[in-house]
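Respectively, the protein sequence lines represent chains A and B.
Going by the working numbering, the residue at position 171 of the first sequence is 171; the numbering climbs one at a time, nothing skipped.
Going by the working numbering, the residue at position 359 of the second sequence is 586; the numbering climbs one at a time, nothing skipped.
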Amino acid sequence: MSAILQTENLVMTYRVGKVDVQALRGVNMSIAPGEFVSIMGPSGCGKSTLLHILGGLLKPTRGTVIVDGEDLAAMTDAARTDLRRRKIGFVFQRFNLFPTLTAEGNLRLAEHIHGNGKRTSNDKTRHEVLKLLRLENKMSHKPLELSGGEQQRVAIARAIINRPAIILADEPTGNLDSENSEIVLNMLQQLNRELKQTIVIITHNPEAAAVAARIIEMRDGVIVKDH
Amino acid sequence: MDSLVISNIRQRPMRTLISVIGVALGVILVALNTGLVEGILNDRLRREQGLGAEIEFSRKSGGVLSPQSIMSVDTRYSDRLKQIPGVAIVTPVGRHVQSGNSGLGFEVVEGIDFNTYSTISGIQIVEGRIFQTEDEVIIDRFKAQQNRLKVGSSIQVFGKNLKVAGIYAPEAGSRTKISLGALQNYLAAPNKCTSLMIKVDDPSKQEEVQKRIDAALPGNVVVLRRDLSFGSVGSVPGIKGFVRAVLALSIVVSSLVILLAMYTTITERTREIGILKSLGASKRYIIAVIEKEAITISFIGVLVGLIVAFIAGWGIEKNTTLQIEFHWSWILTAGLIGLGAGVIGAIYPAIRAANQDPVKALAYE
Chain A
1 MSAILQTENL
11 VMTYRVGKVD
21 VQALRGVNMS
31 IAPGEFVSIM
41 GPSGCGKSTL
51 LHILGGLLKP
61 TRGTVIVDGE
71 DLAAMTDAAR
81 TDLRRRKIGF
91 VFQRFNLFPT
101 LTAEGNLRLA
111 EHIHGNGKRT
121 SNDKTRHEVL
131 KLLRLENKMS
141 HKPLELSGGE
151 QQRVAIARAI
161 INRPAIILAD
171 EPTGNLDSEN
181 SEIVLNMLQQ
191 LNRELKQTIV
201 IITHNPEAAA
211 VAARIIEMRD
221 GVIVKDH
Chain B
228 MDSLVISNIR
238 QRPMRTLISV
248 IGVALGVILV
258 ALNTGLVEGI
268 LNDRLRREQG
278 LGAEIEFSRK
288 SGGVLSPQSI
298 MSVDTRYSDR
308 LKQIPGVAIV
318 TPVGRHVQSG
328 NSGLGFEVVE
338 GIDFNTYSTI
348 SGIQIVEGRI
358 FQTEDEVIID
368 RFKAQQNRLK
378 VGSSIQVFGK
388 NLKVAGIYAP
398 EAGSRTKISL
408 GALQNYLAAP
418 NKCTSLMIKV
428 DDPSKQEEVQ
438 KRIDAALPGN
448 VVVLRRDLSF
458 GSVGSVPGIK
468 GFVRAVLALS
478 IVVSSLVILL
488 AMYTTITERT
498 REIGILKSLG
508 ASKRYIIAVI
518 EKEAITISFI
528 GVLVGLIVAF
538 IAGWGIEKNT
548 TLQIEFHWSW
558 ILTAGLIGLG
568 AGVIGAIYPA
578 IRAANQDPVK
588 ALAYE
């Protein structure tokens, strides 16, 4: 099966003052559709930079990043934004929900952006996602009226509502207690299993990484282990 | 997107309120100023045209609508004018301009010869009597009602308290009149007036009479009073600059308020802009969100501004003799200025938001 996500010799160099800092030193990896992958490593190993590049938020210095057949590295800023709209769903450590909107409003906004002004998800998908994430009764609440775990579930729902090719989760349990962390990780597993959703999470927590079927370990900007 | 725009407007009520006030101020500035200018000029014009004379004779320095107290015409021209064929009656009118009693605008006091003036204009004393001494005036019914004046009340002319001897109707010329002799004495201009009003025998032949006067007394200004017209406010030379200044000031004030409000907003909402970018929102989408918010605020500001301007206009008309006419074209201009200010003011913040680095924006605390 062809990869849904593939990188070749991915290099990212930041300029900090007058010094060049290499965050990625040649990352090669391939992820198949429907895989659940954890990218693990200590702080500063380059995993966040890798996630930002995979999601089109950053342009790499060198190398290729193929997302669902499209080379992100060769794209303009506007084209990467468009690819993000069509194919990527993000989940962040700090949830990043719009505080002024209800959970429903947050989902609608994601649908509006995805559909370029039109709603694109069908009611069946919507119902399925909300049921899976046990959010049916939380839709009228604003983020501050929800617990951390509930907010992260809304964020996951927002990421998946448009059925992206890949979900990229940046430390999704970083702001949660162990009970809510477990709930959120189980839900990601369930989404992967039941909806065949490709999920990539980055974490420095080995327990969180362990829920994935495949763990990629990074150190100093390169992959050191893939198992 | 709409729910995001509305929720942001509701979430920051103080910012929204200040922005609405800023836009409303610009709208009030335009609506009220143009309304006042239009109202004052048209009211004056209406009353001047109601005077009944077909021709006005004056020197180059004076004139019917000249806002000056110039008494440059010798009243003895009256006798020479009466000898010209076609001239029926001639009445001398002196004008003095003073600031309005309410402190707003200006007021013209006319010095007249009541007998000839009333013959031409048809004004009649409806209460009291005509002035008999230099410290007596007559006023029209509108002024009496607006300023709550009665026969025997006193009003300020030349900085002195003069007594209202009578009230006349209908409206013609200025609303306050004194005897021409009194005005000549106050202005130290014996035998002088501002212009001579001429009633012709046959109004259909007024052009011929005008030509005859011109030929008989060259070097003076002889105008047909039916031609007195301001057109629109914007076409009056002196007023044009003033109106332009008001429009420019209004758009600058409103745009700056929106610019500051939206700039503060996007700084506060940096992380939210990062989230929009992570969801795949294009630059155009982000600009549209910011612009929509600014336009919505401006729209509310326009509505509030117009309502306040109408209420203020009603209050001014009720408590002063000033007239306000809100012409639809100026209301439309005020509205467009308010909305335009919103669009212009939000451009820079919107572009700045759209160009933010998504990774830095998402990391913003």
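Quick reminder that beta carbons are idealized off the backbone N, C-alpha and C, glycines included.
- Within the segment 500-574 of chain B, the complete alpha helix (DSSP H) runs of at least 4 residues fall at 510-546.
- One finds T100 in chain A with Cβ atoms closer than 7 Å to the Cβ of B:Q238, taken in chain order.
- For B:Y395 and B:P417, the gap between their C-alpha atoms comes out near 26 Å.
- Counting along the chain, B:S285 sits inside the beta strand (DSSP E) bounded by residues I282 to S285.
- Here A:Q152 is buried, its C-beta having at least 16 other C-beta atoms within 10 Å.
- Against chain B, the beta carbon of A:G174 has no neighbour under 9 Å; the closest one sits roughly 14 Å away.
- Distance from B:V531 to B:V247 at the Cβ level is roughly 6 Å; contact confirmed, criterion being Cβ atoms closer than 8 Å.
- Look at A:F95 here: in three-state DSSP terms it is coil, with no helix or strand label.
- In terms of CA proximity to B:I233, B:E518 leads the group B:E518, B:L559, B:W555 and B:E544.
- Taking a beta-carbon distance threshold of 8 Å, A:T81 counts as an interface residue toward chain B.
- Less than 8 Å divides the Cβ of B:Y512 from the Cβ of A:I113.
- Short of 8 Å from the beta carbon of B:V427, and not among the five residues preceding or following it, lie these beta carbons of its own chain, in chain order: E281, I282, G313, V314, A315, Q433 and V436.
- Between the alpha carbons of B:H554 and B:W541 lies a distance of about 14 Å.
- Proximity of chain B to A:I113 at the Cβ level (cut-off 9 Å) is accounted for by M228, L503, L506, G507, A508, S509 and Y512, in chain order.
- Annotation for B:Y395: the continuous beta strand (DSSP E) segment containing it runs K387 to A396.
- Selection A:K138, A:G149, A:K124 and A:T76 evaluated against A:N180 yields A:G149 as nearest (Cα-Cα).
- Annotated three-state conformation of B:K432 is helix, per DSSP.
- Judged by their CB atoms, B:V391 and B:S380 are nearer to each other than the 8 Å cut-off.
- Taking 7 Å as the cut-off between beta carbons, none of the residues of the segment 556-582 of chain B comes near chain A.
- Comparing C-alpha distances from B:S556 to each of B:A409, B:I564 and B:P576 shows the shortest one belongs to B:I564.
- By the rule that beta-carbons nearer than 8 Å mark a contact, B:E495 does not touch chain A.
- Judged by DSSP secondary structure, A:E8 falls within the beta strand (DSSP E) whose first and last residues are L5 to V16.
- Rounded to whole angstroms, A:G17 and A:L24 show a C-alpha spacing of 18 Å.
- A distance below 6 Å between beta-carbons, with the five flanking residues on each side excluded, links B:I571 to the following residues of its chain, in chain order: S482.
- Across the structure, B:I350 and B:I382 are spaced so that their CA atoms are roughly 21 Å apart.
- For A:S147, the secondary structure class from DSSP, reduced to helix, strand or coil, is coil.
- Ranking B:K504, B:R439 and B:E552 by CA distance to the CA of B:L308 puts B:R439 first.
- In its chain, beyond the 5 residues on either side, no residue has a beta carbon closer than 6 Å to the beta carbon of B:R453.
- Ranked by Cα distance from B:K387, the options B:A539, B:S285 and B:V364 are led by B:V364.
- Per the Cβ contact rule, the segment 466-480 of chain B is in contact with the segment 251-271 of chain B (3 or more Cβ pairs under 8 Å).
- In the DSSP assignment, B:R307 falls within the unbroken alpha helix (DSSP H) covering Y304 to K309.
- For A:N96, the residues of chain B that pass the 9 Å Cβ criterion are R498, E499, G501, I502, S505 and L589, in the order they occur in the chain.
- Per the C-alpha coordinates, the member of A:A209, A:E104, A:G46 and A:E8 positioned closest to A:R219 is A:G46.
- Approximately 12 Å separates the beta-carbon atoms of A:G41 and A:E171; this is outside 8 Å, ruling out the contact.
- Chain B places a beta carbon closer than 8 Å to that of A:R85, counting this residue as a contact.
- In the three-state DSSP reduction, B:D367 falls in the strand class (E or B).
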